[in-house]
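*Asks:* Mapping of the sequence shown onto this note's numbering: residues 1490 to 1802, in sequence order.
All C-beta atoms in this analysis are idealised placements derived from N, C-alpha and C, irrespective of residue type, glycine included.
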Amino acid sequence: MNSNIFPPSKQQNELNNIQQSFSNLQSQCSNLLLNVSQTLNPLFNANTNNNKPNIFSALNSFRDQAKQALDSRISRFNSGKAPVWARISDDGGGARAQVTVPIRGSGKGLSADAIEERLAGVPVYALSNSNEEFVLVSGTSSGKSLGLLFCKEEDAETLLKEMKSMDPRMRKEGSKVVALALSKVFQLKVNGVAFRLIPESTQVKNALKERKTAGIDDDDFHGVPVFQSKSLILRSENMSYRPVFFRKEDLEKSLIRASSQQNRLNPALKPGDIQVAVFEDIVKGMRESTTSNWDDIVFIPPGFEVSTEQTQE
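#1: Quick one: any contact between the stretch 1603-1610 and the stretch 1635-1653, if contact means 3 or more CB pairs under 8 Å?
#2: Tell me the DSSP secondary structure of Ile1786 in three-state form.
#3: For the stretch 1610-1628 and the stretch 1658-1675, state whether three or more C-beta atom pairs, one from each stretch, are separated by less than 8 Å.
#4: Sorted by chain position, which residues of the same chain lie with C-beta nearer than 7 Å to Arg1700's C-beta, five sequence neighbours on each side aside?
#5: Just tell me which of Val1733, Lys1742, Lys1661 has its CA closest to the CA of Val1787.
#6: Select from Thr1702, Val1693, Leu1721 the residue whose C-alpha is nearest the C-alpha of Gln1489.
#7: In chain order, what residues of the same chain have a beta carbon less than 6 Å from the beta carbon of Ser1729, not counting five sequence neighbours either side?
#8: Excluding the five sequence neighbours on either side, which residues of its own chain have a C-beta within less than 7 Å of the C-beta of Gly1774, listed in chain order?
#9: Three-state secondary structure (DSSP) at Glu1794?
#10: Enumerate in chain order the residues of its own chain whose CB-to-CB distance from Arg1731 is below 8 Å, with the five nearest sequence positions on each side excluded.
#11: Which whole-angstrom value describes the C-beta separation of Ala1615 and Ala1645, a residue pair presumed to lie in contact below a C-beta threshold of 8 Å?
#12: Can you look up Leu1721 in the DSSP assignment and give me helix, strand or coil?
#13: Which one of Val1682, Leu1686, Thr1702, Val1715 has the shortest CA to CA distance from Gln1692?
#14: Mark Leu1548 as exposed unless 16 or more other C-beta atoms lie within 10 angstroms of its C-beta, in which case mark it buried.
#15: For the beta strand (DSSP E) that contains Ser1617, what are its first and last residues?
#16: Give every residue of the same chain whose Cβ lies closer than 6 Å to the Cβ of Phe1639, excluding the five residues on either side of it in the sequence, and list them in chain order.
#17: Determine the extent of the alpha helix (DSSP H) in which Ser1748 is found, giving its start and end residues.
#18: Using three-state DSSP, classify Val1713 as helix, strand or coil.
#19: Which residue from Asn1695, His1711, Arg1660 puts its Cα closest to that of Glu1738?
#20: At the level of alpha carbons, what is the spacing between Val1767 and Met1659?
#21: Between Ser1634 and Glu1662, is the Cβ-Cβ spacing less than 8 Å?
#22: Helix, strand or coil for Lys1665 per DSSP?
#23: How is Ile1465 classed by DSSP in three states: helix, strand or coil?
#24: Where DSSP assigns a beta bridge to Arg1607, which residues make up the other side?
#25: Once DSSP output is grouped into helix, strand and coil, what is the label at Ser1634?
#26: Using three-state DSSP, classify Leu1649 as helix, strand or coil.
#27: Just the C-alpha distance for Ser1627 and Glu1769, rounded to the nearest angstrom, thanks.
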């Protein structure tokens, strides 16, 4: 795996400014993977038909979702120069829509393949030109290049619109937003480029709110927030594992669903039912941990709930 993808760097301040630019975007509800739910693990509950479309074709259909304008322009990046493009090595990898049953008792960190399989059903969004090269942004202060991967498609669309307004040449190059599986992030290999995930601003706010409830008062959140609950444990084929959500709302709906399935009349959440973690830290723990702390984690794509009913494939 490319160690240049997730670790913190000196460019964190620039990323924080990017996140701040998106903080005023209005929240918009969307089921990002509705058209590919039939290809996902049966634990996911989304209403759909019996078709099983190719995951890339289905993800690409989300490009037509509504665009929103930035309230503040991203002024920290050069607008006088043509955008930098970088080709990403595929290494033969493809998008796979599935959730892997946890591997227990290995006594060491999970393999790259095992981690990639758990992320295969989670989409991220990037800016690309007609040659399938991804746009890089350069900070005026550092001069270094960043490849941005967005957790929310609308955020990628608004950045594309902003960059096109600053440099009309991008329109001639066929620049667009493309979707790829988060597992593909681990295959990105571009020398001298650091790839960073940009979280949804609403989920950053949710994470800060939950941390404040837990007694942690902080105005900043570094990384992509993910949400889990000790009250939600899934079981499949005599194994138990913990679902981790990229959206707090999906976790809350899953907790309510679990309460209903367990015939609890009052599914109201108690303080402390929701815990916040950093996605990048979990992935690092999966790679490096010598214990089984992370081998029961399953990542749930945005827009999906989970069922506590035992499921067998």
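*Replies:* Let's see:
#1: Judged by pairs of C-beta atoms under 8 Å, the stretch 1603-1610 does not touch the stretch 1635-1653, as fewer than three such pairs exist.
#2: Three-state DSSP puts Ile1786 in a strand.
#3: Counting Cβ pairs under 8 Å, three or more are found: they touch.
#4: The answer, listed in chain order, is Asp1707, Val1765.
#5: It is Val1733 whose Cα lies nearest to the Cα of Val1787.
#6: The structure shown does not extend to residue 1489, since the chain spans only 1490 to 1802, so no value can be given for it.
#7: For Ser1729, where only same-chain residues beyond five positions count, the Cβ hits under 6 Å are Ile1722.
#8: Once the five neighbours on either side are set aside, the close Cβ partners of Gly1774 are Asn1782, Trp1783.
#9: In the displayed model, Glu1794 falls within a strand according to three-state DSSP.
#10: Answer for Arg1731: Gln1717, Leu1721, Ile1722, Leu1723, Asp1785, Ile1786, Val1787, listed in chain order.
#11: In this structure, Ala1615 and Ala1645 form a Cβ contact; the two beta carbons are roughly 7 Å apart against a cut-off of 8 Å.
#12: In the structure shown, Leu1721 falls within a coil segment according to DSSP collapsed to helix, strand and coil.
#13: Among Val1682, Leu1686, Thr1702, Val1715, the Cα nearest to that of Gln1692 is on Val1715.
#14: Unreliable placement is indicated for Leu1548, whose pLDDT of 31 sits below 50; no coordinate value is reported for it.
#15: Run containing Ser1617: 1612-1617, per the beta strand (DSSP E) assignment.
#16: For Phe1639, where only same-chain residues beyond five positions count, the Cβ hits under 6 Å are Tyr1614, Ala1645, Ile1687.
#17: Per DSSP, the unbroken alpha helix (DSSP H) holding Ser1748 starts and ends at 1737-1750.
#18: Secondary structure at Val1713: coil, using DSSP grouped into helix, strand and coil.
#19: That would be Asn1695, whose Cα lies nearest to the Cα of Glu1738.
#20: Met1659 has its alpha-carbon roughly 34 Å from the corresponding atom of Val1767.
#21: Cβ distance not < 8 Å, so Ser1634 and Glu1662 don't count as in contact.
#22: In the three-state reduction of the DSSP assignment, Lys1665 falls in the strand class, which pools E and B.
#23: Past the boundaries of the shown model lies residue 1465; the chain is included only from 1490 to 1802, so the question cannot be answered.
#24: In the DSSP assignment, Arg1607 is bridged to no other residue.
#25: Strand, per DSSP.
#26: It is helical.
#27: If you take the alpha carbons of Ser1627 and Glu1769, they lie about 22 Å apart.
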